[in-house]
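S.K.:
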């Protein structure tokens, strides 16, 4: 099934989106840092074949989507409002939210804040905030892996590091984690971060939400939406311990770990990710 590119107006912004499929079940795919909507190209046609209308936007500040100025524009309140507005613009009787990395953070927070009635939640390599708080409090395993979050709080230096030599360090970062991301996608990511103001917008996700997102373990309400977590076990940034104990945070929780897949799980193991989503969705009556 062919992927089409369009624009959507939502929450006062113009979103560039890739979309496929028809039907009353709208599925929104949220990418991570420092990616783009193209990171879902191996999922979009497959999920559309399940009978879903699939939409993958560039998040605010990324790619072809509006890029508001200022750190405050990237607070989690605005990011979850974007999700609610996108679903409202798309309509549909059922809503499924899928997020990876920062897209997963936004997806967790959308479910926790109850801004949208969700029928299904799918998370790829992004920790529940209570699990993240627990592991940070437990010791240095996750703290060491999260060093870059503190580095990203510095002014100008992270932007310079990511964009120097035409964005070569960004491409090198991806390749140090995975050799399976297509060269054409890496080129999109490289070009995107070189757009005026783009690197700062991407880093503002970390800067605007540095404190307060994790909270304390047990500080969030239990999620009642059926939830699937898919986790690449070779993630260098997030400890595998973050997959443990999520049943206490989510009423209906399913975990599927993928060996030999990195943090960029939907690109490292697209067929396995797709099959896992399809099996789970059919089991929940969503496909």
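Residue numbers (this note's numbering): 183 to 469.
Where is the CB? At the ideal position from N, CA and C, for every residue including glycine.
Because the structure is a prediction, the values reported are computed rather than measured.
1. Taking the alpha helix (DSSP H) that residue 207 falls in, what are its first and last residues?
2. Smallest Cα separation from residue 405: which of 352, 385 and 290?
3. State the DSSP-derived secondary structure class of residue 442, mapped to helix, strand or coil.
4. Taking 8 Å as the threshold, find out whether the segment 209-220 comes into contact with the segment 231-241 through three or more Cβ pairs.
5. Check for me: the beta strand (DSSP E) holding residue 191 runs from which residue to which?
6. Give me the residue from 230, 203, 204 and 198 with the minimum Cα distance to residue 220.
7. If you measure from the beta carbon of residue 306 to each beta carbon in chain C, is any gap under 7 Å?
8. Would you tell me roughly how many angstroms separate the C-alpha atoms of residue 376 and residue 349, rounded to the nearest one?
9. Apart from the five residues on each side of it in sequence, which residues of its chain come closer than 7 Å, Cβ to Cβ, to residue 232?
10. Rounded to whole angstroms, how far is the Cβ of residue 208 from the Cβ of residue 303, which I believe are closer than 8 Å?
11. Whose CA, out of 305, 245, 372 and 388, lies closest to the CA of residue 187?
M.R.: Quick answer:
1. Within the chain shown, the letter at position 25 stands for residue 207. Boundaries around residue 207 are those of the beta strand (DSSP E), 207-212, since no alpha helix (DSSP H) includes it.
2. For the purposes of this step, residue 405 is taken as residue 223 along the chain shown, with counting starting at 1. The residue among 352, 385 and 290 with its C-alpha nearest the C-alpha of residue 405 is 290.
3. Within the chain shown, numbered from 1, the residue matching residue 442 stands at position 260. Of the three classes helix, strand and coil, the one that applies to residue 442 here is coil, per DSSP.
4. Yes, the segment 209-220 touches the segment 231-241.
5. If you number the chain shown from 1, residue 191 lands on position 9. Note, residue 191: beta strand (DSSP E), 186-192.
6. For the purposes of this step, residue 220 is taken as residue 38 along the chain shown, with counting starting at 1. Closest option to residue 220, Cα to Cα, is 198.
7. Structure shown: chain C not included; a single protein chain is present.
8. Walking along the chain shown from the start, residue 376 turns up at place 194. Walking along the chain shown from the start, residue 349 turns up at place 167. Across the structure, residue 376 and residue 349 are spaced so that their CA atoms are roughly 7 Å apart.
9. On the chain shown, residue 232 is found 50 positions in, with the first residue counted as 1. The beta carbon of residue 232 lies closer than 7 Å to those of 460, 463 and 469 in the same chain, with the five residues before and after it left out.
10. Along the chain shown, one-based indexing puts residue 208 at 26. Along the chain shown, one-based indexing puts residue 303 at 121. In fact, because the Cβ distance is near 14 Å, the residues do not count as touching under 8 Å.
11. Along the chain shown, one-based indexing puts residue 187 at 5. Of the residues 305, 245, 372 and 388, the one whose Cα lies closest to the Cα of residue 187 is 245.
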